[in-house]
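Single-structure report; data block below.
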């Protein structure tokens with residue numbers, strides 16, 4: 617039986633990426649990208665890590681590296697739906713009360729950031745937890761691909777999310793927060809989320825987490841020091857290779 621401090625960590629991964637086809641298996645210094653993510657998630661040491669995929673080659677790559685993978689359906693609308701199916705397959709007895717979703721295209725994610733995402737669920741009032749970092753590059757303030765969080769501070773390193781948006785928000789002087797797409801779900805909250813239809817604001821902003829907020833679910837946000845690189849294009853992949861080469865050179 618898992619302890620109260622453990623979560624089931626699931627990494628959704630699929631091959632059907634339009635800008636970088638086959639990206640989970642993209643080579644980064646001789647290792648598929650999905651394996652880099654699996655290793656980072658394992659280093660967080662918050663519970664077992666399983667890759668959830670609809671592709672046998674992705675599963676084989678993870679298993680070949682010593683990891684665990686589970687095959688899921690190919691028709692899921694988002695990663696949350698995929699990890700919901702995977703949780704049922706991996707943990708049908710529902711031993712784990714917390715499910716952490718780590719995106720499969722974040723090869724530079726810090727293990728400490730994954731652990732930080734898990735932390736807000738220590739508060740029983742929180743349904744879902746996620747993470748964010750301060751925006752320090754001016755161009756990101758107006759970039760619609762950088763999702764911002766509007767929230768009410770709870771303490772110096774945590775806030776309650778009021779809204780997620782691609783717009784520059786909140787207005788006025790002060791810091792802006794870059795949302796990082798990791799989620800820790802209370803198991804009951806994940807069940808509820810996947811049973812809900814897509815919401816109006818979710819469809820307008822193209823942000824799946826708004827479905828939970830519109831349904832009255834509470835999302836708390838832990839602040840972390842850095843935004844990991846999300847790999848969506850060949851240029852991103854080259855940057856990830858440079859970053860990971862530098863981290864290897866520094867003895868990471």
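Residue numbers (this note's numbering): 617 to 868. Beta carbons: idealized from backbone N, C-alpha and C, even for Gly.
Mark residue i as exposed unless 16 or more other C-beta atoms lie within 10 angstroms of its C-beta, in which case mark it buried.
i: residue 755; result: exposed
i: residue 862; result: exposed
i: residue 724; result: buried
i: residue 729; result: buried
i: residue 617; result: Low confidence applies here, because residue 617 scores a pLDDT of 42, under 50, leaving its location unreliable; read the following figure in that light. Exposed: under 16 other Cβ atoms inside 10 Å.
i: residue 840; result: buried
i: residue 637; result: exposed
i: residue 789; result: exposed
i: residue 688; result: buried
i: residue 775; result: buried
i: residue 791; result: exposed
i: residue 854; result: exposed
i: residue 682; result: exposed
i: residue 878; result: Beyond the ends of the chain as shown, which are 617 and 868, falls residue 878; an answer cannot be given.
i: residue 816; result: exposed
i: residue 609; result: Past the boundaries of the shown model lies residue 609; the chain is included only from 617 to 868, so the question cannot be answered.
Just grab the DSSP bridge partners of residue i for me.
i: residue 648; result: 643
i: residue 780; result: 765
i: residue 800; result: 716, 745
i: residue 669; result: 629, 687
i: residue 771; result: 774
i: residue 624; result: 715
i: residue 793; result: 750
How about residue i and residue j: do their beta carbons lie closer than 8 Å?
i: residue 703; j: residue 626; result: yes
i: residue 706; j: residue 624; result: yes
i: residue 842; j: residue 732; result: no
i: residue 826; j: residue 696; result: no
i: residue 749; j: residue 766; result: no
i: residue 650; j: residue 664; result: no
i: residue 832; j: residue 722; result: no
i: residue 670; j: residue 690; result: yes
i: residue 692; j: residue 746; result: no
i: residue 628; j: residue 698; result: yes
i: residue 716; j: residue 685; result: no
i: residue 844; j: residue 659; result: no
i: residue 858; j: residue 645; result: no
i: residue 635; j: residue 848; result: yes
i: residue 712; j: residue 818; result: no
i: residue 734; j: residue 718; result: no
Just to check my reading of the structure: residue i and residue j have Cβ atoms closer than 8 Å, yes? What is that Cβ distance to the nearest angstrom?
i: residue 764; j: residue 793; result: 6 Å
i: residue 653; j: residue 720; result: 5 Å
i: residue 630; j: residue 710; result: That belief does not hold up - the Cβ atoms of residue 630 and residue 710 are roughly 25 Å apart, past 8 Å.
i: residue 744; j: residue 800; result: 7 Å
i: residue 739; j: residue 777; result: At roughly 13 Å, the Cβ-Cβ gap does not stay under 8 Å, so residue 739 and residue 777 are not in contact.
i: residue 821; j: residue 782; result: 6 Å
i: residue 812; j: residue 780; result: Not a contact, Cβ separation roughly 16 Å.
i: residue 668; j: residue 648; result: In fact, because the Cβ distance is near 16 Å, the residues do not count as touching under 8 Å.
i: residue 762; j: residue 770; result: Their Cβ separation, rounded to whole angstroms, is 23 Å, which puts residue 762 and residue 770 out of contact at 8 Å.
Under DSSP, the alpha helix (DSSP H) around residue i begins and ends at which residues?
i: residue 636; result: Premise fails: residue 636 is in no alpha helix (DSSP H) and is neither H nor E.
i: residue 740; result: Per DSSP, residue 740 belongs to no alpha helix (DSSP H) and is neither H nor E.
i: residue 661; result: Taken as a continuous stretch (DSSP letters only), residue 661 belongs to no alpha helix (DSSP H), as it is neither H nor E.
i: residue 693; result: From DSSP, residue 693 is part of no alpha helix (DSSP H); its letter is neither H nor E.
i: residue 843; result: That residue, residue 843, is in no alpha helix (DSSP H); it is neither H nor E in DSSP.
i: residue 756; result: No alpha helix (DSSP H) holds residue 756; DSSP gives it neither H nor E.
i: residue 821; result: 816-821
i: residue 681; result: Per DSSP, residue 681 belongs to no alpha helix (DSSP H) and is neither H nor E.
i: residue 830; result: 825-830
In the DSSP assignment, find the unbroken beta strand (DSSP E) run with residue i in it and report its ends.
i: residue 837; result: 835-839
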